[in-house]
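Enquirer: Chains U and C, in that order, are what the protein sequence lines are.
Every position in the first sequence, counted from 1, becomes a number in the working numbering once 17 is added.
Every position in the second sequence, counted from 1, becomes a number in the working numbering once 17 is added.
Just so it is clear, CB atoms sit at the ideal spot from N, CA and C, and this is done for glycine as well.
Sending over a structure as structure tokens; questions will come in a sec.
Protein chains: 2
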Amino acid sequence: MVERKAQGRVPCRESEDPSPMEEFALRPNPDDPRLTRPVAGIDQDGRPVETSVTVERPLTLFLNGREIVTMMTIGDYPEYLAIGYLLNQNMLRPDDRVTAVEYDEDLETVVVRTDRETDFEDKLRKKTLTSGCAQGTVFGDVMESFERIRLSSAARLHTSWLYALTRKINTAPSLYLTAGAIHGCVLCERDRPLVYMEDVGRHNAVDKIAGYMYRHGVDPEDKIFYTTGRLTSEMVIKTVQMRIPILVSRSGFTAWGVELARQAGLTLIGRARGRRFLALAGEERIVFDADPRTAADEDSRHRRKGAEEDAAE
Amino acid sequence: MVERKAQGRVPCRESEDPSPMEEFALRPNPDDPRLTRPVAGIDQDGRPVETSVTVERPLTLFLNGREIVTMMTIGDYPEYLAIGYLLNQNMLRPDDRVTAVEYDEDLETVVVRTDRETDFEDKLRKKTLTSGCAQGTVFGDVMESFERIRLSSAARLHTSWLYALTRKINTAPSLYLTAGAIHGCVLCERDRPLVYMEDVGRHNAVDKIAGYMYRHGVDPEDKIFYTTGRLTSEMVIKTVQMRIPILVSRSGFTAWGVELARQAGLTLIGRARGRRFLALAGEERIVFDADPRTAADEDSRHRRKGAEEDAAE
Numbered sequence: 018m019v020e021r022k023a024q025g026r027v028p029c030r031e032s033e034d035p036s037p038m039e040e041f042a043l044r045p046n047p048d049d050p051r052l053t054r055p056v057a058g059i060d061q062d063g064r065p066v067e068t069s070v071t072v073e074r075p076l077t078l079f080l081n082g083r084e085i086v087t088m089m090t091i092g093d094y095p096e097y098l099a100i101g102y103l104l105n106q107n108m109l110r111p112d113d114r115v116t117a118v119e120y121d122e123d124l125e126t127v128v129v130r131t132d133r134e135t136d137f138e139d140k141l142r143k144k145t146l147t148s149g150c151a152q153g154t155v156f157g158d159v160m161e162s163f164e165r166i167r168l169s170s171a172a173r174l175h176t177s178w179l180y181a182l183t184r185k186i187n188t189a190p191s192l193y194l195t196a197g198a199i200h201g202c203v204l205c206e207r208d209r210p211l212v213y214m215e216d217v218g219r220h221n222a223v224d225k226i227a228g229y230m231y232r233h234g235v236d237p238e239d240k241i242f243y244t245t246g247r248l249t250s251e252m253v254i255k256t257v258q259m260r261i262p263i264l265v266s267r268s269g270f271t272a273w274g275v276e277l278a279r280q281a282g283l284t285l286i287g288r289a290r291g292r293r294f295l296a297l298a299g300e301e302r303i304v305f306d307a308d309p310r311t312a313a314d315e316d317s318r319h320r321r322k323g324a325e326e327d328a329a330e
Numbered sequence: 018m019v020e021r022k023a024q025g026r027v028p029c030r031e032s033e034d035p036s037p038m039e040e041f042a043l044r045p046n047p048d049d050p051r052l053t054r055p056v057a058g059i060d061q062d063g064r065p066v067e068t069s070v071t072v073e074r075p076l077t078l079f080l081n082g083r084e085i086v087t088m089m090t091i092g093d094y095p096e097y098l099a100i101g102y103l104l105n106q107n108m109l110r111p112d113d114r115v116t117a118v119e120y121d122e123d124l125e126t127v128v129v130r131t132d133r134e135t136d137f138e139d140k141l142r143k144k145t146l147t148s149g150c151a152q153g154t155v156f157g158d159v160m161e162s163f164e165r166i167r168l169s170s171a172a173r174l175h176t177s178w179l180y181a182l183t184r185k186i187n188t189a190p191s192l193y194l195t196a197g198a199i200h201g202c203v204l205c206e207r208d209r210p211l212v213y214m215e216d217v218g219r220h221n222a223v224d225k226i227a228g229y230m231y232r233h234g235v236d237p238e239d240k241i242f243y244t245t246g247r248l249t250s251e252m253v254i255k256t257v258q259m260r261i262p263i264l265v266s267r268s269g270f271t272a273w274g275v276e277l278a279r280q281a282g283l284t285l286i287g288r289a290r291g292r293r294f295l296a297l298a299g300e301e302r303i304v305f306d307a308d309p310r311t312a313a314d315e316d317s318r319h320r321r322k323g324a325e326e327d328a329a330e
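Structure representation (structure tokens):
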């Protein structure tokens, strides 16, 4: 039904295999002309202005020929998004073998094929809406498996790493700095950002990282997950699903997010800006090796544009 | 199946009928102890701190006894949320007569009853995910009716109103200022904010305003809708569904949001901060009656906390 188009304008990165240890192995490409579009309008003085807006495209996901969902995405990594979505919804198990991922840019479809018969139909029936965007969903057995997951107790977060990470992430070129109105998620190890994904939907950015980790066999146990978004129940559930023991955000907390993080033993750090942060769960993984008085506050040039211009979604 | 609990702790506001013309007829109540919860944690120096986080609760919505959806909400206006959700999903038509709304706080359910047989079952089959949170949905015929809606061409937005509105909204007490990680939407008329709703999910805040407008027969044609969130396709679709001709946000745009606003003839204003703003659709409704050089920039005390602390979701 869907043809393979390896030569499509947004190729799947199957053959690419950067070391997961390389700093910014994947990062946003704000110069990619497909991702933003100039739009004309007027400003507060009635003067004509041109600005950049982020483009979103539909992508319909099939698992073994069965239609699962249509997502709106910036469309940069359809393969990672497809696999990550299925993993984070428990429709694909970490030990499943993906035999093919077929992306068709014209049809706006991506098909994931596995050798195991998948049993997602029951899952589609049991769904619960989660917080954050009123209509996010997790399927029934995600919550069941959530309760069984044990996160690494050996993992540590040094505050010196945290300060280095937020500085590197905030100063990296991004679609956010170009067009705003977008979310970012970064997979990190120690003081190094490894994979930085952006998308209009926050959950797409997370799912793309999950897909990347699966495709490249990245060990989650010593990783740190950074997000620009709020620490909602959904964000906590997805981080735990990915077996990453530490979640950091520059944004705030919801009560249910905190509750779930404590249940799962996830280290939950929010409002991480400049030298300040707040830890509301899993504090025992934090090593205070930086003098917070010496960590520079975010200066206005390096401050994430979101802080000034764009409280994303 | 679900009993009426008129004496519940979160009563439905059916009998209340404030004039929709009163400034801040409804506004956030950050002192309501049910809406936030103190949580203990540690700060960047390892010192114990206590902070406030927003509480979210599940609310399962039934229409005439049929289960529609479970939402996560702060739970302050279950009746408005229920009715607004159904209206914005086209499951309830503006001319439908709602015969009862039954909220049960213990069961976490709200039941909306109508005298017309509702035909939402087909709608549940035709759904399209929209932008913003990857898993937002609009049902099939919402897009069909979207194309038929004609917004008021007589409506105007004076820039002097816009500056007054953003100043009043940013300085009003809110859950955002208390606990962060929350979205706000405000129904306005001329330079006056009328109904200010907040919720963890941005769409809940919009739906609560739609429910309020339906219950109080508020005319949408001369109104202005203000949101803290991004101007995504979903936000544009909902504003048009509500027949409000002008949408203003302090956040940025997505390409599809701009496209839909232009199709519908909606006035779309984003990045409205201090004296600055950008209009990308429906510019003809704007009347430039304020000198933007005299409108004060947001000072740090009045600047929405989001700008400093919390790029919500």
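DSSP three-state call for U/Arg232: helix, strand or coil?
Expert: Position 215 of the first sequence, counted from the first residue, corresponds to residue 232 of chain U. Three-state DSSP puts U/Arg232 in a helix.
Enquirer: My output table needs one value for U/Met89: the three-state DSSP class, helix, strand or coil.
Expert: Counting from 1 along the first sequence, the entry for residue 89 of chain U is found at position 72. Residue state, collapsed to three classes: strand.
Enquirer: I need the boundaries of the beta strand (DSSP E) containing U/Gly101, first residue and last residue.
Expert: Mapped onto the first sequence, residue 101 of chain U falls at position 84. Segment 95 to 105 is the alpha helix (DSSP H) holding U/Gly101; no beta strand (DSSP E) there.
Enquirer: Name the chain C residues that come within less than 7 Å of U/Thr271, Cβ to Cβ?
Expert: What you label residue 271 of chain U is simply residue 254 of the first sequence in a count that begins at 1. The contacting residues are Val70, Thr71, Glu73, Ala198, Val217.
Enquirer: When the Cα atoms are used, what is the spatial distance from C/Asp49 to C/Ala289?
Expert: Reading the second sequence from its first residue, position 32 is the one you call residue 49 of chain C. Reading the second sequence from its first residue, position 272 is the one you call residue 289 of chain C. In a straight line, the C-alpha of C/Asp49 is about 29 Å away from that of C/Ala289.
Enquirer: Quick check: the Cα distance between C/Gly197 and U/Val257, rounded to an integer number of angstroms?
Expert: Along the second sequence, read from residue 1 onward, the residue named residue 197 of chain C stands at position 180. Along the first sequence, read from residue 1 onward, the residue named residue 257 of chain U stands at position 240. Their Cα atoms are separated by approximately 23 Å.
Enquirer: Does any residue of chain C have a CB that is nearer than 8 Å to the CB of U/Val19?
Expert: Reading the first sequence from its first residue, position 2 is the one you call residue 19 of chain U. Note on U/Val19: pLDDT 40, under 50, position unreliable in the model; the coordinate value appears next. It does not: the Cβ of U/Val19 has no partner Cβ on chain C nearer than 8 Å.
Enquirer: How is C/Val72 classed by DSSP in three states: helix, strand or coil?
Expert: As a working mapping, residue 72 of chain C is identified with position 55 in the second sequence. The answer is coil: DSSP assigns C/Val72 none of H, G, I, E or B.
Enquirer: For U/Leu179, name the three-state secondary structure that DSSP assigns.
Expert: One-based indexing of the first sequence puts residue 179 of chain U at position 162. It is helical.
Enquirer: When you compare the segment 245 to 256 of chain C with the segment 265 to 279 of chain C, are there three or more beta-carbon pairs, one atom per stretch, that lie closer than 8 Å?
Expert: Cβ pair count under 8 Å is three or more, so yes.
Enquirer: Comparing the CB of U/Leu297 with every heavy atom of the ligand GTP, is any distance shorter than 7 Å?
Expert: This structure does not include the ligand GTP; it has no bound ligands of any sort.
Enquirer: Looking at chain C, which residues of the segment 290 to 310 of chain U have a Cβ within less than 8 Å of any of its Cβ atoms?
Expert: Here the close residues are Arg290, Arg292, Arg293, Phe294, Leu295, Ala296, Leu297, Ala298, Glu300, Ile303, Phe305, Pro309.
Enquirer: Are the C-beta of U/Asp93 and some C-beta of chain C separated by less than 8 Å?
Expert: As a first step, residue 93 of chain U must be located in the first sequence, where it is residue number 76. U/Asp93 does not count as touching chain C.
Enquirer: CA-CA distance, C/Asp236 and C/Ser169?
Expert: Counting from 1 along the second sequence, the entry for residue 236 of chain C is found at position 219. Counting from 1 along the second sequence, the entry for residue 169 of chain C is found at position 152. Each residue's Cα considered, the two are about 11 Å apart.
Enquirer: How would you call C/Ser162, buried or exposed, if buried means at least 16 neighbouring beta carbons within 10 angstroms?
Expert: Counted from its first residue, the second sequence places residue 162 of chain C at position 145. By the 10 Å Cβ count, C/Ser162 comes out exposed.
Enquirer: Near U/Leu192, which residues of its chain fall below 7 Å by C-beta distance, leaving aside the five closest residues on each side in sequence?
Expert: Reading the first sequence from its first residue, position 175 is the one you call residue 192 of chain U. So the list reads Pro45, Pro47, Leu52, Thr53, Thr71, Ile199, Glu215, once near-sequence residues are dropped.
Enquirer: Could you tell me the boundaries of the beta strand (DSSP E) in which U/Val127 lies?
Expert: Within the first sequence, numbered from 1, the residue matching residue 127 of chain U stands at position 110. Run containing U/Val127: 126 to 131, per the beta strand (DSSP E) assignment.
Enquirer: By how many angstroms is the C-alpha of C/Tyr213 removed from the C-alpha of C/Pro190?
Expert: Numbered from its first residue, the second sequence carries residue 190 of chain C at position 173. Numbered from its first residue, the second sequence carries residue 213 of chain C at position 196. Straight-line Cα distance between these residues: approximately 11 Å.
Enquirer: Determine the extent of the beta strand (DSSP E) in which C/Ser170 is found, giving its start and end residues.
Expert: Numbered from its first residue, the second sequence carries residue 170 of chain C at position 153. Neither: C/Ser170 is in no beta strand (DSSP E) and is coded neither H nor E.
Enquirer: Could you compute how far the alpha carbon of C/Gly291 sits from the alpha carbon of C/Leu264?
Expert: Counted from its first residue, the second sequence places residue 291 of chain C at position 274. Counted from its first residue, the second sequence places residue 264 of chain C at position 247. Approximately 17 Å, taken between the alpha carbons.
Enquirer: Where DSSP assigns a beta bridge to U/Arg83, which residues make up the other side?
Expert: The sequence position of residue 83 of chain U within the first sequence is 66, counting from 1. Its beta-bridge partners are U/Leu80.
Enquirer: Please confirm whether C/Arg293 and U/Gln280 have their CB atoms less than 8 Å apart.
Expert: By one-based count along the second sequence, residue 293 of chain C stands at place 276. By one-based count along the first sequence, residue 280 of chain U stands at place 263. No, the pair does not count as a contact, with Cβ atoms beyond the cut-off.
Enquirer: Does any CB atom of chain U fall closer than 8 Å to the CB of C/Ala278?
Expert: Position 261 of the second sequence, counting from 1, holds the residue named residue 278 of chain C. Output row for C/Ala278: interface = no.
Enquirer: Where does the unbroken alpha helix (DSSP H) through U/Ala278 begin, and where does it stop?
Expert: To locate residue 278 of chain U, count along the first sequence from 1; it is residue 261. It spans 272 to 281 - the alpha helix (DSSP H) in which U/Ala278 sits, taken as one unbroken run.
Enquirer: Short of 9 Å Cβ to Cβ, which residues in the segment 45 to 57 of chain U face chain C?
Expert: Hits within the stretch, in order: Thr53, Arg54, Val56, Ala57.
Enquirer: Confirm, please, whether the CB-CB distance from U/Glu40 to U/Pro210 is below 8 Å.
Expert: Looking up residue 210 of chain U in the first sequence gives position 193. Looking up residue 40 of chain U in the first sequence gives position 23. Yes; because the gap between Cβ atoms is below 8 Å, this pair is in contact.
Enquirer: For U/Ile241, does the three-state DSSP call read helix, strand or coil?
Expert: Residue numbering aside, residue 241 of chain U sits at position 224 when the first sequence is read from its first letter. Reduced to three states, the DSSP call for U/Ile241 is strand.
Enquirer: So which residues on chain U does C/Asp60 lean against when the C-beta distance must stay under 9 Å?
Expert: The residue you call residue 60 of chain C lines up with position 43 of the second sequence. Here the neighbours are Arg293, Phe294, Leu295, Ala296, Pro309.
Enquirer: May I ask you to report which of helix, strand or coil DSSP gives C/Leu192?
Expert: On the second sequence, residue 192 of chain C is found 175 positions in, with the first residue counted as 1. Correct three-state label for C/Leu192: helix.
Enquirer: Looking at chain U, is there any beta carbon in it that lies within less than 8 Å of the beta carbon of C/Gly228?
Expert: Counting from 1 along the second sequence, the entry for residue 228 of chain C is found at position 211. Answer no: the Cβ-Cβ gap between C/Gly228 and chain U never drops below 8 Å.
Enquirer: Cα-Cα, which of U/Arg133, U/Lys255, U/Arg302 is closest to U/Gln106?
Expert: What you label residue 106 of chain U is simply residue 89 of the first sequence in a count that begins at 1. Cα-wise, what sits closest to U/Gln106 is U/Lys255.
Enquirer: Counting only beta-carbon atoms, is C/Val66 nearer than 8 Å to chain U?
Expert: Stepping through the second sequence from its first residue, residue 66 of chain C is reached at position 49. Answer yes: the Cβ-Cβ gap between C/Val66 and chain U drops below 8 Å somewhere.
Enquirer: Taking the alpha carbon of U/Arg165 as the point to measure from, which residue in U/Arg302, U/Arg260, U/Glu276, U/Thr68 has its own alpha carbon closest?
Expert: Indexing the first sequence from 1 puts residue 165 of chain U at position 148. Minimum Cα distance to U/Arg165 is reached at U/Arg260.
Enquirer: Can you name, in chain order, every residue of its own chain whose Cβ lies under 6 Å from the Cβ of U/Lys185, other than the five neighbours on each side?
Expert: As a working mapping, residue 185 of chain U is identified with position 168 in the first sequence. Only Pro210 meet the Cβ criterion.
Enquirer: So is U/Thr195 in contact with chain C if we call contact Cβ pairs under 8 Å?
Expert: Locating residue 195 of chain U in the first sequence gives position 178, where the first residue counts as 1. Not an interface residue.
Enquirer: Using only CA atoms, which one of U/Asp112, U/Asp113, U/Arg130, U/Arg110 lies nearest to U/Glu119?
Expert: Along the first sequence, one-based indexing puts residue 119 of chain U at 102. Answer by Cα proximity: U/Arg130.
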